[in-house]
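Each protein sequence line maps, in turn, to chains A, B, C and D. Going by this note's numbering, the final residue of the first sequence carries number 103, and the count climbs one at a time with no gaps. Going by this note's numbering, the final residue of the second sequence carries number 103, and the count climbs one at a time with no gaps. Going by this note's numbering, the final residue of the third sequence carries number 723, and the count climbs one at a time with no gaps. Going by this note's numbering, the final residue of the fourth sequence carries number 269, and the count climbs one at a time with no gaps. Glycine included, each C-beta is placed from N, C-alpha and C at the ideal position. Since this is a predicted model, take the numbers as computed values, not measurements. What follows is a single structure, written as structure tokens, with notes after it.
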Amino acid sequence: MRFIARIVVEPKDGVLDPQGKASMKVVKRLGYEFVDDIRVGKHITVEIQATNKKMAEKIASELAYKIFTNPVLEKYEVSVFEMKKAEVIEK
Amino acid sequence: MRFIARIVVEPKDGVLDPQGKASMKVVKRLGYEFVDDIRVGKHITVEIQATNKKMAEKIASELAYKIFTNPVLEKYEVSVFEMKKAEVIEK
Amino acid sequence: MLDHKKVGISDREYGLIKQILKREPNDIELLLYSAMWSEHCGYKHSKRLLKKLPGGSSGENAGFVKIEDNFIVFKVESHNHPSAVEPFQGAATGIGGIIRDIIAMGARPIALADSLWFGPIEDSQSRHIFEGVVRGISSYGNSIGVPTVAGEVHFDESYKTNPLVNVLALGVCKELKSAKAKGVGNSFVLVGSKTGRDGIHGAAFASRELSDDTDSDRPSVQVGDPFSEKELIEATLEIIRLPQVIAVQDLGAAGLLSSTSEMVSKGNLGAVLYLDRVPLREKDMKPEEIILSESQERMMFLVEKGKENEVIEIAKKHLLDASIVGETTADKNYKLIWKDEVVANVPVESLGEAPDFYRKVEKADYVEKLKRLKIPKINKPVSEILKKLFSSPEIASKKWVYRQYDHTVQTNTVILPGEADSAIMWIKNSKKGIGLTIDGNGRYVYLDPFEGSKNVVFEAARNLVATGCKPLGITDCMNFGNPEKDDVFWQFEQSILGISEACNSLKIPVTGGNVSFYNESTSGRAIYPTPVIGMVGVIEDVSKALTMSFKNTADYVYLVGRTSIRERNIGGSLYLKLLENFVGGSIDTVDTEYELKLQNFILKMIDSGVLNSAHDVSDGGLLTSICECCISGNKGIDLFFTENIEELFGEVQSRFVITVKPEFTEIFEAMAKKENIEYLHLGFVRSDFRLFLNDKEIIDFGSIKSLYDSTLNRWMEEEF
Amino acid sequence: MNSIRACVIVFPGTNCDRDTHFALSKIMDIPTDFVWHDFDEVLDYDIVVLPGGFSYGDYIRTGVFARFSPVMKSVEKYVLEERGLIIGICNGFQILTEAGLLPGALTRNTSTRFICDTVEINVENFQTPFTRSVTKKNLKLPIAHSDGNYRISEKELEKLKAQNRIVFRYVENPNGSVEDIAGVCSENFRILGMMPHPERAACSVLRNTDGVEIFKSMVDYLRSEKIARS
Ligand SMILES: Nc1ncnc2c1ncn2[C@@H]1O[C@H](COP(=O)(O)OP(=O)(O)O)[C@@H](O)[C@H]1O
Ligand SMILES: [Mg+2]
Numbered sequence: 013m014r015f016i017a018r019i020v021v022e023p024k025d026g027v028l029d030p031q032g033k034a035s036m037k038v039v040k041r042l043g044y045e046f047v048d049d050i051r052v053g054k055h056i057t058v059e060i061q062a063t064n065k066k067m068a069e070k071i072a073s074e075l076a077y078k079i080f081t082n083p084v085l086e087k088y089e090v091s092v093f094e095m096k097k098a099e100v101i102e103k
Numbered sequence: 013m014r015f016i017a018r019i020v021v022e023p024k025d026g027v028l029d030p031q032g033k034a035s036m037k038v039v040k041r042l043g044y045e046f047v048d049d050i051r052v053g054k055h056i057t058v059e060i061q062a063t064n065k066k067m068a069e070k071i072a073s074e075l076a077y078k079i080f081t082n083p084v085l086e087k088y089e090v091s092v093f094e095m096k097k098a099e100v101i102e103k
Numbered sequence: 004m005l006d007h008k009k010v011g012i013s014d015r016e017y018g019l020i021k022q023i024l025k026r027e028p029n030d031i032e033l034l035l036y037s038a039m040w041s042e043h044c045g046y047k048h049s050k051r052l053l054k055k056l057p058g059g060s061s062g063e064n065a066g067f068v069k070i071e072d073n074f075i076v077f078k079v080e081s082h083n084h085p086s087a088v089e090p091f092q093g094a095a096t097g098i099g100g101i102i103r104d105i106i107a108m109g110a111r112p113i114a115l116a117d118s119l120w121f122g123p124i125e126d127s128q129s130r131h132i133f134e135g136v137v138r139g140i141s142s143y144g145n146s147i148g149v150p151t152v153a154g155e156v157h158f159d160e161s162y163k164t165n166p167l168v169n170v171l172a173l174g175v176c177k178e179l180k181s182a183k184a185k186g187v188g189n190s191f192v193l194v195g196s197k198t199g200r201d202g203i204h205g206a207a208f209a210s211r212e213l214s215d216d217t218d219s220d221r222p223s224v225q226v227g228d229p230f231s232e233k234e235l236i237e238a239t240l241e242i243i244r245l246p247q248v249i250a251v252q253d254l255g256a257a258g259l260l261s262s263t264s265e266m267v268s269k270g271n272l273g274a275v276l277y278l279d280r281v282p283l284r285e286k287d288m289k290p291e292e293i294i295l296s297e298s299q300e301r302m303m304f305l306v307e308k309g310k311e312n313e314v315i316e317i318a319k320k321h322l323l324d325a326s327i328v329g330e331t332t333a334d335k336n337y338k339l340i341w342k343d344e345v346v347a348n349v350p351v352e353s354l355g356e357a358p359d360f361y362r363k364v365e366k367a368d369y370v371e372k373l374k375r376l377k378i379p380k381i382n383k384p385v386s387e388i389l390k391k392l393f394s395s396p397e398i399a400s401k402k403w404v405y406r407q408y409d410h411t412v413q414t415n416t417v418i419l420p421g422e423a424d425s426a427i428m429w430i431k432n433s434k435k436g437i438g439l440t441i442d443g444n445g446r447y448v449y450l451d452p453f454e455g456s457k458n459v460v461f462e463a464a465r466n467l468v469a470t471g472c473k474p475l476g477i478t479d480c481m482n483f484g485n486p487e488k489d490d491v492f493w494q495f496e497q498s499i500l501g502i503s504e505a506c507n508s509l510k511i512p513v514t515g516g517n518v519s520f521y522n523e524s525t526s527g528r529a530i531y532p533t534p535v536i537g538m539v540g541v542i543e544d545v546s547k548a549l550t551m552s553f554k555n556t557a558d559y560v561y562l563v564g565r566t567s568i569r570e571r572n573i574g575g576s577l578y579l580k581l582l583e584n585f586v587g588g589s590i591d592t593v594d595t596e597y598e599l600k601l602q603n604f605i606l607k608m609i610d611s612g613v614l615n616s617a618h619d620v621s622d623g624g625l626l627t628s629i630c631e632c633c634i635s636g637n638k639g640i641d642l643f644f645t646e647n648i649e650e651l652f653g654e655v656q657s658r659f660v661i662t663v664k665p666e667f668t669e670i671f672e673a674m675a676k677k678e679n680i681e682y683l684h685l686g687f688v689r690s691d692f693r694l695f696l697n698d699k700e701i702i703d704f705g706s707i708k709s710l711y712d713s714t715l716n717r718w719m720e721e722e723f
Numbered sequence: 040m041n042s043i044r045a046c047v048i049v050f051p052g053t054n055c056d057r058d059t060h061f062a063l064s065k066i067m068d069i070p071t072d073f074v075w076h077d078f079d080e081v082l083d084y085d086i087v088v089l090p091g092g093f094s095y096g097d098y099i100r101t102g103v104f105a106r107f108s109p110v111m112k113s114v115e116k117y118v119l120e121e122r123g124l125i126i127g128i129c130n131g132f133q134i135l136t137e138a139g140l141l142p143g144a145l146t147r148n149t150s151t152r153f154i155c156d157t158v159e160i161n162v163e164n165f166q167t168p169f170t171r172s173v174t175k176k177n178l179k180l181p182i183a184h185s186d187g188n189y190r191i192s193e194k195e196l197e198k199l200k201a202q203n204r205i206v207f208r209y210v211e212n213p214n215g216s217v218e219d220i221a222g223v224c225s226e227n228f229r230i231l232g233m234m235p236h237p238e239r240a241a242c243s244v245l246r247n248t249d250g251v252e253i254f255k256s257m258v259d260y261l262r263s264e265k266i267a268r269s
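In structure tokens form, the structure reads like this:
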């Protein structure tokens with residue numbers, strides 16, 4: 013079976029997010045007064061072949077932790093979906 | 013009311029994604045054979061004050077379109093949630 | 004009540020604090036002493052010895068030398084421990100920190116150099132650190148537009164879990180700014196990024212205890228923001244031109260606390276700070292967190308009262324925060340106010356008077372033991388040894404590294420990385436150039452801390468001389484193990500004495516530096532004692548700057564200086580380490596008088612245009628140096644020389660490989676004789692890329708070049 | 040007589056502004072001003088340079104924030120009114136594509152690394168205001184970027200080719216750019232974007248003056264245009 017894993021990596025609370033801070037400065041200058049906070053993270057999409065969802069989740073979490081996240085500074089969230097037939101064929 | 017908008021920006025289909033490619037290399041090197049594809053995008057979280065969800069969505073989409081996405085290379089998705097009371101107070 | 008031992012204050016120190024205050028310190032006060040009396044800020048183990056260095060440090064943020072009316076400000080700093088925890092951010096913030104020391108002097112940063120030491124490249128964790136550190140330096144340095152023009156990279160077991168990341172910054176200005184506060188009632192204006200809970204080491208831990216805060220572990224690694232740093236550079240250089248700006252100081256270790264307390268100490272004044280006026284990035288920060296925060300990209304200005312607005316306007320223009328956070332006082336106390344309450348009040352001088360932990364220690368016994376080890380004889384063909392050396396990341400080209408560093412921005416770089424033994428930066432609107440090199444050798448210093456350290460200084464000087472630059476001054480970064488251990492402390496003392504002696508004989512000052520102790524592997528083994536020397540020199544006419552590449556076919560190749568080795572003294576040579584894993588025996592030592600004569604001679608020859616190339620002979624010995632000249636110039640050589648392995652690869656001091664145009668050889672030889680400089684005619688430059696030794700082609704030279712070019716790439720880019 | 044005037048636009052974070060200013064004013068002898076990014080009046084210059092560097096730290100995407108600076112409105116007017124020539128170098132090129140003044144986009148190098156080196160580029164069109172006085176077939180110029188990988192849709196690429204707007208191509212592609220493209224210009228040939236840095240190769244002390252050929256072309260073109268107009 014084929015799965016899509018979405019991994020969202022964000023700066024941990026309290027860790028400086030220079031891109032978010034700079035975005036805020038520009039967004040305010042462009043007149044978006046009601047924007048209070050911007051945080052910038054990574055969004056990684058991974059296609060995985062696995063026998064079941066559990067397995068795919070395990071692989072995705074491993075990748076998230078080992079490769080995509082710097083555990084000192086970042087946290088991550090993983091969500092896994094089975095790919096629809098159509099999507100698979102499309103490839 | 014306060015809203016959280018999540019903007020996901022990803023490389024368009026068929027567009028070269030050097031970071032995704034580089035990640036694939038690392039993943040394969042680590043022995044993950046059943047990973048077929050990796051795309052690296054951005055995940056931006058924006059806190060918005062607005063009178064209703066429609067309004068918040070409008071602002072988030074504008075930001076996504078105008079600033080966070082380069083239409084030659086990228087596509088985006090926006091989702092907006094109302095912030096829970098608890099989250100608001102915490103701030 | 005906080006337990007003083009938990010914040011690194013010994014019973015003895017606690018007693019001292021009580022004596023100073025004539026009462027018990029409160030928790031915040033205790034934390035102030037804990038930070039300021041830490042090894043990092045208080046130099047407890049090193050301050051007495053550092054005073055022995057010639058030229059003494061200026062007591063300012065960085066030292067300087069002068070080239071005509073230009074102040075050349077430079078300093079090296081270590082970021083070893085943060086880089087071990089988080090290679091990318093550790094190295095990036097290292098660049099940020101040293102740059103702020105330069106701008107605090109009023110100088111525009113024009114160059115960076117880096118000295119990097121990692122575990123073996125075969126080890127994947129070491130590669131991970133290497134990769135992260137290089138990316139960190141590249142991402143930060145490139146973004147702020149300061150070229151990284153010189154450096155060195157080493158790999159050795161000794162640095163496996165404790166990499167060394169030393170970065171040097173150099174700036175130029177016509178007028179210096181001071182950190183010394185003057186006048187009572189003047190305002191401290193804090194400019195830059197907002198303050199968050201970054202890097203509050205002991206304090207974060209302690210305050211959590213204090214308040215029973217069960218928050219998740221706060222990361223102590225700081226994140227660099229190069230964009231804010233770039234704006235901080237521009238804002239600072241603009242702000243210091245205002246006449247109402249009295250003093251300026253960067254915020255480094257112990258943040259607001261060390262910057263403001265040092266400023267007023269220097270000026271014999273006191274200070275009061277209103278911590279609730281500091282712009283914060285996070286909610287609910289405690290006063291002790293604010294005063295100790297090591298958030299990056301911040302500067303402190305002391306400004307005449309009532310004239311702060313212009314400063315604040317400049318900061319705003321550069322998208323930076325700015326606010327008045329305190330003022331100078333006459334009473335020489337350091338007072339902190341939080342929500343209208345005095346939360347700390349201590350004599351400011353006492354903060355800078357950490358106790359002196361100097362002690363007399365005996366010579367370490369490992370030294371004699373190693374000295375007695377017999378230097379192994381190697382019975383391998385020259386070609387095989389060459390292959391081994393050139394496939395080692397120690398010798399191989401570092402292009403993989405410096406290609407990631409912007410080394411041409413600012414359009415001053417006359418000699419680029421890889422072209423010669425040191426970089427040369429043009430001083431615009433003049434003919435002059437600044438030479439810059441950074442150098443260390445852990446093996447030499449380990450085997451003989453005194454002579455080894457001397458060698459490192461002289462080698463740095465040779466690096467400059469080979470390009471035509473006369474040495475002007477050094478900055479040193481002392482990377483050592485735990486100074487509480489006798490062997491380490493002895494190494495440190497000997498090393499300081501060796502550096503002093505070398506600088507005295509070169510007649511150049513140590514303008515400043517940095518000490519990094521507690522560099523140990525996880526098993527508690529100290530790293531090789533590794534003093535890193537950054538040296539700055541001058542070339543009067545940059546158009547005469549010389550590179551190491553062989554240039555013209557049929558040019559004469561000479562070895563100048565020590566023309567033969569002393570076989571007993573080739574201990575510490577790289578080939579022994581790489582082929583036999585041998586580190587022992589005696590190292591060669593510098594005969595000062597001869598060395599100086601030799602350096603002057605080379606400088607004179609370069610200035611008179613007799614030489615076509617010059618390269619100092621160091622790691623890997625004579626044949627390695629020759630090969631490097633060939634590769635760099637894409638030329639070959641007809642070499643006539645002994646085939647003795649020790650002669651070809653053994654390392655001795657005081658020698659250069661140079662080339663001379665055929666029409667100048669007579670002059671050259673006559674001059675050398677006149678000055679009593681030894682030389683040996685080694686052979687001729689060949690037009691094709693081939694290596695002949697005594698008329699035999701000993702190796703497919705192309706394969707050596709490809710090893711040289713590809714080794715780092717292979718390790719870092721290919722799949723393993 | 041030299042009536043040509045230039046300006047170098049400075050965005051927060053820009054770091055090649057002073058280099059470019061030096062090359063234009065000291066080497067080309069063109070009176071040159073710095074213009075801060077919040078300038079919103081008429082750009083009364085013959086040459087407008089968007090220099091290299093890291094505007095806004097290259098955060099989010101190279102060039103994106105700079106594109107929203109007030110000065111870009113003035114730049115747009117400058118373009119509409121065909122007042123003079125615009126050259127965007129490196130980050131300047133990225134800003135011009137973000138602003139839609141040049142087609143395509145620049146993304147991460149295929150190596151995902153920053154590359155600082157000297158490369159050779161072939162001049163593909165010698166007729167442009169930026170290349171008309173170039174005397175060599177190819178130029179050696181420094182590059183220094185991590186996002187120099189030029190991308191463009193098929194359709195737009197065909198158009199570029201048909202209109203002869205690919206000005207420079209790398210001899211050896213360092214970053215993955217489509218069709219080795221190193222520099223392109225606008226339909227009216229008055230805007231050039233290029234990744235290599237001519238201002239870093241403008242001075243004999245630095246042992247490379249190939250960049251001067253580009254600046255000289257611009258000056259020559261503007262002079263001849265002035266003569267034609269008067
Ligand atoms: N190894 C050394 N050699 C010479 N001077 C040193 C050395 N280590 C520190 N210093 C000097 O001591 C002073 C304090 O250094 P440091 O705490 O690193 O400064 P900063 O607070 O700017 O980081 C500086 O003047 C510095 O040059
Ligand atoms: Mg300082």
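Unbroken alpha helix (DSSP H) run spanning residue i, endpoints
i: residue 39 of chain A; result: 30-41
i: residue 321 of chain C; result: That residue, residue 321 of chain C, is in no alpha helix (DSSP H); it is neither H nor E in DSSP.
i: residue 632 of chain C; result: 624-636
Sheet register partners of residue i (DSSP bridge)
i: residue 9 of chain B; result: Examination of residue 9 of chain B is not possible in this model, given that chain B is present from 13 through 103 alone.
i: residue 186 of chain C; result: Answer by DSSP bridge pairing: none, since residue 186 of chain C is not bridged.
i: residue 170 of chain C; result: C:80 and C:117
i: residue 46 of chain D; result: D:72 and D:87
i: residue 118 of chain D; result: DSSP lists no partner for residue 118 of chain D.
Cutoff 7 Å; reference residue i; Cβ partners in own chain excluding five residues on either side
i: residue 597 of chain C; result: 657
i: residue 88 of chain C; result: 224
i: residue 95 of chain A; result: 14, 15 and 16
Cutoff 6 Å; reference residue i; Cβ partners in own chain excluding five residues on either side
i: residue 550 of chain C; result: 422 and 423
When the options are compared against residue i, the one with the closest alpha-carbon
i: residue 158 of chain D; options: D:122, D:185, D:211 and D:164; result: D:211
i: residue 138 of chain D; options: D:239, D:193, D:192 and D:113; result: D:113
Contact with chain A by residue i, beta-carbon distance below 8 Å
i: residue 226 of chain C; result: yes
Segment limits, beta strand (DSSP E) that includes residue i
i: residue 152 of chain C; result: 151-158
Test: residue i CB closer than 8 Å to a CB of chain D
i: residue 102 of chain A; result: Reliability of the predicted coordinates at residue 102 of chain A is poor, the pLDDT of 46 falling under 50, and the value obtained from them is presented with this limitation in mind. It does not: the Cβ of residue 102 of chain A has no partner Cβ on chain D nearer than 8 Å.
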